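Enquirer:
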Amino acid sequence: MPSSRPVSPAAPDADWWRQAVVYQVYPRSFADASGDGIGDVRGITSRADYLASLGVDAVWVSPFYPSALADGGYDVDDYRDVDPVLGTLEDFDELVAALHSRGARVIVDIVPNHSSDRHAWFRQALAAGPGSPERERYVFRDGAGPDGSEPPSDWESVFGGPAWERVPDGQWFLHMFAPEQPDFNWDHPDVREDFLRTLRFWSDRGVDGFRVDVAHSLVKDLTEPFAPTAELPPLPPALGRHPLWDQDGVHEVYAEWRRVLDEYDPPRTAVAEAWVHRSRLAPYAHPSGLGQAFTFDLLDAPWDPAAFREIVADVLDAHHETGSSSTWVLSNHDVVRHASRYGLPQGDRAEISEAWLGTDGRDPVLDREAGLRRARAATLFMLALPGSAYLYQGEELGLHEVPDLPAEALQDPTWERSGHTVKGRDGCRVPIPWTSEPPSYGFGDAPPHLPQPDWFGEVAASVQDGDPASTLTLYREALRLRRALQGDERLTWHSEPGAPVLDLERPGGWRCVTNMGGTSVDLPAGEVLLASGPLDGGRLPADTSAWLRV
Numbered sequence: 181m182p183s184s185r186p187v188s189p190a191a192p193d194a195d196w197w198r199q200a201v202v203y204q205v206y207p208r209s210f211a212d213a214s215g216d217g218i219g220d221v222r223g224i225t226s227r228a229d230y231l232a233s234l235g236v237d238a239v240w241v242s243p244f245y246p247s248a249l250a251d252g253g254y255d256v257d258d259y260r261d262v263d264p265v266l267g268t269l270e271d272f273d274e275l276v277a278a279l280h281s282r283g284a285r286v287i288v289d290i291v292p293n294h295s296s297d298r299h300a301w302f303r304q305a306l307a308a309g310p311g312s313p314e315r316e317r318y319v320f321r322d323g324a325g326p327d328g329s330e331p332p333s334d335w336e337s338v339f340g341g342p343a344w345e346r347v348p349d350g351q352w353f354l355h356m357f358a359p360e361q362p363d364f365n366w367d368h369p370d371v372r373e374d375f376l377r378t379l380r381f382w383s384d385r386g387v388d389g390f391r392v393d394v395a396h397s398l399v400k401d402l403t404e405p406f407a408p409t410a411e412l413p414p415l416p417p418a419l420g421r422h423p424l425w426d427q428d429g430v431h432e433v434y435a436e437w438r439r440v441l442d443e444y445d446p447p448r449t450a451v452a453e454a455w456v457h458r459s460r461l462a463p464y465a466h467p468s469g470l471g472q473a474f475t476f477d478l479l480d481a482p483w484d485p486a487a488f489r490e491i492v493a494d495v496l497d498a499h500h501e502t503g504s505s506s507t508w509v510l511s512n513h514d515v516v517r518h519a520s521r522y523g524l525p526q527g528d529r530a531e532i533s534e535a536w537l538g539t540d541g542r543d544p545v546l547d548r549e550a551g552l553r554r555a556r557a558a559t560l561f562m563l564a565l566p567g568s569a570y571l572y573q574g575e576e577l578g579l580h581e582v583p584d585l586p587a588e589a590l591q592d593p594t595w596e597r598s599g600h601t602v603k604g605r606d607g608c609r610v611p612i613p614w615t616s617e618p619p620s621y622g623f624g625d626a627p628p629h630l631p632q633p634d635w636f637g638e639v640a641a642s643v644q645d646g647d648p649a650s651t652l653t654l655y656r657e658a659l660r661l662r663r664a665l666q667g668d669e670r671l672t673w674h675s676e677p678g679a680p681v682l683d684l685e686r687p688g689g690w691r692c693v694t695n696m697g698g699t700s701v702d703l704p705a706g707e708v709l710l711a712s713g714p715l716d717g718g719r720l721p722a723d724t725s726a727w728l729r730v
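Each residue of the sequence shown is one higher than the last, beginning at 181 in this note's numbering.
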């Protein structure tokens, strides 16, 4: 391991993250170099030229650590190693070097709320028994009832079912996600110190930043007696009142992290995955904390101009208070892809997506063309906003969700934990298509770990490459123009609140007009630089965005 604190080869700009475009790679579904049907680190390296051709500023690599895959790699056995199925530390170093040499930085996931139940500390905790120092690193409690056979509370895990699991000696441990993911006790100094060591380990290897998984969950109020679920505030907005989520004490942890991240030149970045009310995002994004926090409001919003405008205004105001920049996202590894979401009836995102997946994508009927048209328009709108933008692998191909995976192929723990009533997130994690040839569409030499649909061949990267009307070409051109046009982080609205058209201007006379209404509208005077779909002379059709120089 390198012993010095190197300057990133990409560039020594401490503010590179403020308006960066970051591309998320889900390693097991990106590219398979070893031929075992599972994407790997060398597979990512093999596609470094493709990532450079997109024009992204950074690549976020989702977990690649040793894991039993109880939750897609977010059950971590060892925070300072690479899963042997995915490669080695040397492979990881080669990936960092390949991306840095192409001007792209590297962000990795860090998963601090919980470890795997195969983590050395948890194995020690089980062996040591009740009351031992080893158990203090996790949240163990005696059970309720006269013989302790009932869980300490009725809390439920995010994946369904009880949030407590009993061990053979009779105690129970807390797991806010799968039983294979025991929650750490962040009041314990060993836990805090070990994660500082992990931050330094990867930063010393040249990593430029960290995406912090469920950043709002580390610190918990475990004062007994535990409040029953019926008495807990709704999520969100819990506004800091929920004992398990968004406790104010978590910011003491991140202040300590920030001091470590600032030891490097340039300082390492961090972005919080914090599913909290947007009024509570500011402390996560504060310069004394992680420095940036995902804004999921657009991801959750229906295709509605009033909702989009209100979200943008509120988020920009909130980030102005901290001096941070906003962080926009429309798709990731946890949600139905936005090309499909926008082709379904609009309303509550989670409720509609879950119902649709529950019928294998048959009900309600997906309007694929409308969904993709809106997704392309939404992407241009998002990329025109001040702040950073996160893209999820395959969205640049216009990929839809794969809703009809067979039950025997499903891997998401939600499927089992819900009693086979909630299908989960596998549909957005299907290995992406690189070429039009089955059986793996260029993913690798073996059948992939999740089956790919026949229609993948039509949207493969090789098919779209060079096609001026393709979604891949649209993304490449948008990122090229964004880099050339990018000014400071101001935004001026030219459309009125409530209008079906969103018309915004960025410094330098760069303007984005998005028509979310049902009929064509006149475009402002100016040079059209890019459009998400065909224009109608000087008019902007419905569900279309255009960038103009005015």
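Cβ coordinates follow ideal geometry from the N, Cα and C atoms, glycine included. The structure presented is a predicted model; accordingly, all values stated were derived computationally and were not measured.
Can you tell me where the alpha helix (DSSP H) with residue 380 in it begins and where it stops?
Expert: Translated into positions along the sequence shown, residue 380 becomes position 200. Start and end: 369-384.
Enquirer: Check whether the segment 601-619 and the segment 566-585 touch, using three or more Cβ-Cβ pairs below 8 angstroms as the test.
Expert: yes
Enquirer: Write down every uninterrupted run of the alpha helix (DSSP H) in the segment 637-689 whose length is 4 residues or greater and which is fully enclosed by it, in chain order.
Expert: Here the runs fully enclosed are 641-644, 651-665.
Enquirer: Quick one: what's residue 342 bridged to in DSSP?
Expert: For the purposes of this step, residue 342 is taken as the residue at position 162 of the sequence shown. Within the DSSP secondary-structure output, residue 342 pairs in a beta bridge with 336.
Enquirer: Which residues in the same chain as residue 698 place their Cβ atom closer than 8 angstroms to its Cβ, once the five residues preceding and following it in sequence are excluded?
Expert: In the sequence shown, counting from the first residue as 1, residue 698 sits at position 518. Closer than 8 angstroms at Cβ, skipping near neighbours: 680, 722.
Enquirer: Kindly confirm or deny that the segment 324-339 and the segment 277-286 touch, where touching means at least three C-beta pairs closer than 8 angstroms.
Expert: no
Enquirer: Could you give the C-beta distance for residue 592 and residue 529, rounded to a whole number, given that I count them as a contact under 8 angstroms?
Expert: Here residue 592 refers to the residue found at position 412 when the sequence shown is read from its first residue. Here residue 529 refers to the residue found at position 349 when the sequence shown is read from its first residue. In fact, because the Cβ distance is near 18 angstroms, the residues do not count as touching under 8 angstroms.
Enquirer: Is residue 423 closer than 8 angstroms to residue 401 when the C-beta atoms are compared?
Expert: Residue numbering aside, residue 401 sits at position 221 when the sequence shown is read from its first letter. Residue numbering aside, residue 423 sits at position 243 when the sequence shown is read from its first letter. Contact: yes.
Enquirer: Report the rounded CA-to-CA distance for residue 643 versus residue 637, giving the unit in angstroms.
Expert: Counting from 1 along the sequence shown, the entry for residue 643 is found at position 463. Counting from 1 along the sequence shown, the entry for residue 637 is found at position 457. The straight-line gap from Cα to Cα measures roughly 8 angstroms.
Enquirer: What residues match up with residue 522 in a beta bridge as DSSP calls it?
Expert: Here residue 522 corresponds to residue number 342 of the sequence shown, with the count starting at 1. DSSP lists no partner for residue 522.
Enquirer: Alpha helix (DSSP H) containing residue 353: first to last residue?
Expert: Your numbering for residue 353 matches position 173 in the sequence shown. That residue, residue 353, is in no alpha helix (DSSP H); its beta strand (DSSP E) goes 352-354.
Enquirer: In the DSSP assignment, find the unbroken beta strand (DSSP E) run with residue 304 in it and report its ends.
Expert: Locating residue 304 in the sequence shown gives position 124, where the first residue counts as 1. Unbroken run through residue 304 is the alpha helix (DSSP H), 300-308; no beta strand (DSSP E).
Enquirer: Among the candidates 428, 421, 379, whose CA atom is the shortest distance from the CA of residue 760?
Expert: Limits of the chain in this structure are 181 at one end and 730 at the other, which puts residue 760 out of reach.
Enquirer: At what residues does the beta strand (DSSP E) containing residue 450 begin and finish?
Expert: Taking the sequence shown and counting its residues from 1, one reaches residue 450 at position 270. Residue 450 -> beta strand (DSSP E) spans 449-452.
Enquirer: Cα-Cα, which of 552, 691, 490, 513 is closest to residue 519?
Expert: Reading the sequence shown from its first residue, position 339 is the one you call residue 519. The shortest Cα separation from residue 519 among 552, 691, 490, 513 belongs to 552.
Enquirer: Sorted by chain position, which residues of the same chain lie with C-beta nearer than 6 angstroms to residue 200's C-beta, five sequence neighbours on each side aside?
Expert: For the purposes of this step, residue 200 is taken as residue 20 along the sequence shown, with counting starting at 1. Hits under 6 angstroms: 237, 238, 568.
Enquirer: Would the beta-carbon of residue 606 fall within 8 angstroms of that of residue 585?
Expert: By one-based count along the sequence shown, residue 606 stands at place 426. By one-based count along the sequence shown, residue 585 stands at place 405. A contact, by the Cβ cut-off of 8 angstroms.
Enquirer: Can you name, in chain order, every residue of its own chain whose Cβ lies under 7 angstroms from the Cβ of residue 524, other than the five neighbours on each side?
Expert: Residue 524 sits at position 344 when you count from the first residue of the sequence shown. Here the set comprises 532, 536, 544, 546.
Enquirer: In three-state terms, what does DSSP make of residue 279?
Expert: The residue given as residue 279 occupies position 99 in the sequence shown. Correct three-state label for residue 279: helix.
Enquirer: Using the Cβ count rule (16 or more neighbours within 10 Å means buried), how would you classify residue 182?
Expert: Residue numbering aside, residue 182 sits at position 2 when the sequence shown is read from its first letter. Low local confidence applies: a pLDDT of 34 at residue 182 is under 50, so the model's placement there is unreliable, and no value is given.
Enquirer: Buried or exposed: where does residue 419 fall if 16 or more other Cβ atoms within 10 Å of its Cβ makes it buried?
Expert: To locate residue 419, count along the sequence shown from 1; it is residue 239. Burial call: exposed.
Enquirer: So, with DSSP's three-state summary, where would you put residue 270?
Expert: Locating residue 270 in the sequence shown gives position 90, counting from the first residue. Correct three-state label for residue 270: helix.
Enquirer: Locate the alpha helix (DSSP H) running through residue 289, then write down its first and last residues.
Expert: As a working note, residue 289 is residue 109 in the sequence shown. Element bounds for residue 289: not the alpha helix (DSSP H) but the beta strand (DSSP E), 285-290.
Enquirer: Please check the pair residue 559 and residue 510, which I expect to be a contact at CB under 8 angstroms, by giving their CB distance rounded to whole angstroms.
Expert: Position 379 of the sequence shown, counting from 1, holds the residue named residue 559. Position 330 of the sequence shown, counting from 1, holds the residue named residue 510. Indeed, because the Cβ distance is near 7 angstroms, the residues count as touching under 8 angstroms.
Enquirer: Roughly how many whole angstroms lie between the Cα atoms of residue 386 and residue 278?
Expert: Within the sequence shown, the letter at position 206 stands for residue 386. Within the sequence shown, the letter at position 98 stands for residue 278. The straight-line gap from Cα to Cα measures roughly 12 angstroms.
Enquirer: Per DSSP, what are the beta-bridge partners of residue 695 in this structure?
Expert: Counted from its first residue, the sequence shown places residue 695 at position 515. Per DSSP, 681, 724.
Enquirer: Return the residue from the list 352, 377, 649, 257 that minimises the CA-CA distance to residue 325.
Expert: Here residue 325 refers to the residue found at position 145 of the sequence shown. The candidate whose alpha carbon is nearest that of residue 325 is 352.
Enquirer: State the DSSP-derived secondary structure class of residue 535, mapped to helix, strand or coil.
Expert: Translated into the one-based positions of the sequence shown, residue 535 becomes position 355. Helix at residue 535.
Enquirer: What's the C-alpha gap between residue 209 and residue 647?
Expert: Start at 1 with the first residue of the sequence shown, and residue 209 comes out as number 29. Start at 1 with the first residue of the sequence shown, and residue 647 comes out as number 467. Approximately 25 angstroms between the Cα atoms of the pair.
Enquirer: Taking the beta strand (DSSP E) that residue 509 falls in, what are its first and last residues?
Expert: Within the sequence shown, residue 509 is the residue found at index 329, counting from 1. Boundaries of the beta strand (DSSP E) harbouring residue 509: 507-509, taken from the DSSP string.
Enquirer: Spatial neighbours of residue 715 within its chain, please: C-beta separation below 8 angstroms, excluding the five flanking residues on both sides.
Expert: Locating residue 715 in the sequence shown gives position 535, counting from the first residue. So the qualifying residues of the chain are 703, 708, 721, 724, 726.
Enquirer: For residue 223, tell me which candidate among 684, 249, 345, 271 has the shortest Cα-Cα distance.
Expert: Mapped onto the sequence shown, residue 223 falls at position 43. When only C-alpha atoms are compared, the closest one is 271.
Enquirer: Report buried or exposed for residue 409, applying the criterion of at least 16 other Cβ atoms within 10 angstroms of its Cβ.
Expert: Within the sequence shown, residue 409 is the residue found at index 229, counting from 1. It is exposed - the Cβ of residue 409 has fewer than 16 other Cβ atoms within 10 Å.
Enquirer: So, helix, strand or coil for residue 223, using DSSP?
Expert: As a working note, residue 223 is residue 43 in the sequence shown. In this structure, residue 223 counts as helix in the three-state DSSP scheme.
Enquirer: Classify residue 403 as helix, strand or coil using the three-state DSSP reduction.
Expert: Start at 1 with the first residue of the sequence shown, and residue 403 comes out as number 223. Residue 403: coil per DSSP, three-state reduction.
Enquirer: Comparing C-alpha positions only, which one of 274, 269, 295, 213 sits nearest to residue 252?
Expert: For the purposes of this step, residue 252 is taken as the residue at position 72 of the sequence shown. Ranked by Cα distance from residue 252, the first of 274, 269, 295, 213 is 295.
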